[in-house]
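Position 57, counted from 1, in the sequence shown is what numbering that gives the first Met the number 0 calls 56; the numbers after and before it change by one each time, with no gaps.
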Amino acid sequence: MTSDSLLHFDSNGVYKGVLYDVDNIGESLYGIAWKSDTKEIIFTVNGAPRVGAISVVDGTYRNLITDANLTGTLRGLTQISGGDILVIETANVERFTTNGVRRTSVSGVTWPNTFGGTAAPEQIETTANGELILCGSANVNRFTTNAVRVGAAVVSAIAGTTAANGCIEMNNGSIAVAFSGTTDTIRSVGSGMTQASIATMYSDLAVLASPRWLTKTLSGNLLTVDSAFNQIVEITPAGTFVRTLGGGVLGTPNAVFSVPNY
0 MTSDSLLHFD SNGVYKGVLY DVDNIGESLY GIAWKSDTKE IIFTVNGAPR VGAISVVDGT
60 YRNLITDANL TGTLRGLTQI SGGDILVIET ANVERFTTNG VRRTSVSGVT WPNTFGGTAA
120 PEQIETTANG ELILCGSANV NRFTTNAVRV GAAVVSAIAG TTAANGCIEM NNGSIAVAFS
180 GTTDTIRSVG SGMTQASIAT MYSDLAVLAS PRWLTKTLSG NLLTVDSAFN QIVEITPAGT
240 FVRTLGGGVL GTPNAVFSVP NY
């Protein structure tokens with residue numbers, strides 16, 4: 000995903016075409032996720048703030064969420080257990096039903112929610128056990144869907160490298176985090192979210208100089224986008240470099256998503 004278009008690559012990294020273009024120059028795309036109940040790729044659009052959806056069955060597009068309360072900057076989004084969709088809006092997280100109806104109170108929890116005051120949240124992901132991983136400009140965090148923190152707020156512990164621009168749970172239960180700054184690095188954090196559990200997975204400034212989003216392939220490998228070299232970088236869960244994708248096609252990418260089996 001770039002700021003103005005959603006591009007399609009096959010599993011071999013071959014460019015297949017454009018899935019979606021913004022309606023005008025005042026709009027931009029940002030976050031992307033999977034909506035399992037309807038088999039759609041969902042994504043945030045800024046300018047005229049909304050969540051769009053594209054069916055992987057027939058390729059049709061629809062506006063999934065258009066709400067007068069969505070007036071801030073939209074970032075990442077995720078579908079949680081039960082079907083509700085969480086959308087990052089500036090410093091808050093909004094909650095909607097699977098049909099796009101805004102919710103303001105669920106099980107005594109007020110929405111929108113700040114999720115512990117996570118600064119400038121970027122990506123939000125649902126874990127295998129239904130909890131949430133949320134990362135932003137200063138750290139990565141884990142919460143229940145009722146916004147109760149699990150463990151600690153974990154920082155990069157690398158000088159000048161504070162922004163956690165991407166985060167996702169790996170198959171082994173640990174969390175992969177894309178930290179950006181002086182020494183751009185993919186690091187892992189144990190599922191218990193302790194600072195002591197953080198470890199470096201991959202860092203090569205000649206390949207990865209401005210990492211942003213993270214996603215997981217069907218094999219369990221990790222993909223991140225680099226907005227400096229305009230490419231997708233693939234690494235194994237052990238941190239071994241695999242390949243780069245999308246060179247010559249991508250222009251300042253900000254997100255990447257691997258479609259699951261459906």
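The beta-carbon is built from N, C-alpha and C at its ideal position, and this holds for glycine as well.
Owing to the predicted nature of the structure, the values given are computational and were not obtained by experimental measurement.
Does residue i come out as helix, strand or coil in the three-state DSSP assignment?
i, result
"Ala195", "helix"
"Asn11", "coil"
"Trp110", "coil"
"Tyr261", "coil"
"Thr43", "strand"
"Lys38", "coil"
"Asn253", "coil"
"Glu233", "strand"
"Gly172", "coil"
"Leu217", "coil"
"Val154", "coil"
"Asp22", "coil"
"Ser2", "coil"
"Ala67", "coil"
"Ala177", "strand"
"Gly159", "coil"
"Val100", "coil"
"Gly116", "coil"
"Val248", "coil"
"Ala32", "strand"
"Asn62", "strand"
"Val147", "coil"
Near residue i, what residues of its chain come up, given a Cβ to Cβ distance below 6 Å and the 5 sequence neighbours on each side ignored?
i, result
"Ala137", "Ala118, Thr161"
"Val154", "Asn138"
"Arg305", "Residue coverage of the chain in this structure runs from 0 to 261, which leaves residue 305 outside it and unanswerable."
Residue i lies in the beta strand (DSSP E); which residues open and close that run?
i, result
"Asn164", "162–168"
"Glu88", "84–88"
"Ile185", "184–188"
"Ile132", "131–134"
"Phe95", "91–95"
"Asn140", "139–142"
"Ser54", "49–54"
"Leu207", "Per DSSP, Leu207 belongs to no beta strand (DSSP E) and is neither H nor E."
"Asp57", "Counting along the chain, Asp57 falls outside any beta strand (DSSP E), and DSSP gives it neither H nor E."
"Thr125", "122–125"
"Ser80", "Premise fails: Ser80 is in no beta strand (DSSP E) and is neither H nor E."
"Leu221", "221–225"
"Leu244", "240–244"
Are residue i and residue j closer than 9 Å when you measure CB to CB?
i, j, result
"Leu6", "Glu39", "no"
"Ala177", "Ala163", "yes"
"Ser196", "Val188", "yes"
"Asn139", "Ala156", "Sequence inspection shows Val at residue 139; the Asn mentioned does not correspond to that position. Not closer than 9 Å, so no."
"Thr239", "Phe228", "no"
"Asp225", "Leu207", "yes"
"Gly165", "Ala175", "yes"
"Thr96", "Gly82", "yes"
I think residue i touches residue j, with their Cβ atoms under 8 Å apart; what is that distance to the nearest whole Å?
i, j, result
"Lys215", "Ile167", "6 Å"
"Leu76", "Val50", "7 Å"
"Ile234", "Met200", "7 Å"
"Ala32", "Ile24", "Going by Cβ atoms, the distance from Ala32 to Ile24 rounds to 25 Å, so no, they are not a contact pair."
"Ile87", "Thr125", "Rounded, the Cβ-Cβ distance is 13 Å, inconsistent with contact."
"Asp9", "Lys15", "6 Å"
"Pro259", "Met0", "Actually they do not touch by this definition, with Cβ atoms about 17 Å apart."
"Asn170", "Gly219", "4 Å"
"Thr143", "Glu130", "6 Å"
"Asn91", "Pro111", "4 Å"
Spatial neighbours of residue i within its chain, please: C-beta separation below 7 Å, excluding the five flanking residues on both sides.
i, result
"Asn45", "Glu26, Ser27, Tyr29, Thr72, Leu73"
"Gly150", "Arg141, Gly191, Met192, Thr193"
"Ser173", "Ser187, Val188, Gly189, Ser190"
"Tyr261", "Lys38, Val55"
Can you name, in chain order, every residue of its own chain whose Cβ lies under 8 Å from the Cβ of residue i, other than the five neighbours on each side?
i, result
"Glu56", "The sequence given here places Val at residue 56; Glu does not occur at that position. Contacts found: Lys38."
"Thr182", "Ile157, Ala158, Gly159, Thr160, Ser202, Leu204"
"Val17", "Ser4, Leu5, Leu6, His7"
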